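>
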Amino acid sequence: EAGVAQSPRYKIIEKRQSVAFWCNPISGHATLYWYQQILGQGPKLLIQFQNNGVVDDSQLPKDRFSAERLKGVDSTLKIQPAKLEDSAVYLCASSLQRASRGIQYFGAGTRLSVL
Amino acid sequence: ELKVEQNPLFLSMQEGKNYTIYCNYSTTSDRLYWYRQDPGKSLESLFVLLSNGAVKQEGRLMASLDTKARLSTLHITAAVHDLSATYFCAAMIKAAGNKLTFGGGTRVLVKP
């Protein structure tokens, strides 16, 4: 079974530029999550999708971050304009909608450096 | 708001000895997860603990949950170098949409 795919793996941009990350979840997983992991910290949830709809985006900085999940499969996370403090690893995860154990499976992440 | 704290933040282990990582969470949670992360890699699920008194074991790792104390522990028996990684616990409240709240992680380094 293929895992969660993310691209690119690395991205270096200058502040005020824009950047987009892509995620393809495990086939059949209805729930998709985007996390931000700052160096030395645990992941922090940015946004959660259930199929096409947003379940929780309470910690998404909506003035600069946006995310969409078209057709309930792939998702993109965009930052525009980027700030220095956005430097982090952006992790995508997916899970089955009705999994009794609710395990989230994570992709390898995109490491963003904002200069 | 659910908060999760782990300690210690860093653990230097000697091969062959036993160690414990602690995970405290601030409010009643439905599930407790343990993940492992190797440098530059993603998070790998280790254990899911669903109820009070739950104990799960896999190889040299054993996780337990005390919901009354809001405490989970990850016990490492006879540490080996391959266990060097960062370990995260995460708590979930189903009523909050199955959102995971992670602790800050415990970086483990096993020395020969």
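Each protein sequence line maps, in turn, to chains U and E. When we follow this note's numbering, the leftmost residue of the first sequence carries the number 366, and every step to the right adds one. When we follow this note's numbering, the leftmost residue of the second sequence carries the number 829, and every step to the right adds one. Glycine residues also receive a C-beta, built at the ideal position from the N, C-alpha and C atoms. The structure displayed is predicted, hence computed values, not measured ones.
(1) Give me the Cα-Cα distance between residue 878/E and residue 399/U, rounded to the nearest whole angstrom.
(2) Residues in its own chain within less than 7 Å of residue 434/U by CB, not counting five upstream and five downstream?
(3) Quick check: residue 836/E and residue 934/E, are their CB atoms within less than 8 Å of each other?
(4) List, in order along the chain, the chain E residues whose C-beta lies closer than 7 Å to that of residue 469/U?
(5) Excluding the 5 residues preceding and the 5 following residue 846/E in the sequence, name in chain order all residues of the same chain whose CB lies nearer than 8 Å to its CB.
(6) Of all Cβ atoms in chain U, is any one closer than 8 Å to the Cβ of residue 874/E?
(7) May I ask you to list, following chain order, the residues of the segment 412-438 of chain U that have a beta carbon less than 7 Å from some beta carbon of chain E?
(8) When you compare each of 405/U, 407/U, 437/U and 447/U to residue 420/U by their alpha carbons, which one comes out closest?
(9) Looking only at DSSP bridge pairs, what is residue 894/E linked to?
A quick look at the data gives this:
(1) Using only the alpha carbons, I get a separation of about 24 Å.
(2) So the qualifying residues of the chain are 397, 414, 417 and 440.
(3) Contact: yes.
(4) Result: 928.
(5) For residue 846/E, same chain residues with a beta-carbon under 8 Å away, outside a window of 5 residues either side, are 903, 904, 905, 906 and 907 in chain order.
(6) Not closer than 8 Å to any Cβ of chain U, the Cβ of residue 874/E fails to qualify, so no.
(7) Residues 413, 420 and 421.
(8) Cα-wise, what sits closest to residue 420/U is 437/U.
(9) Note: residue 894/E sits in a beta bridge opposite 899/E.
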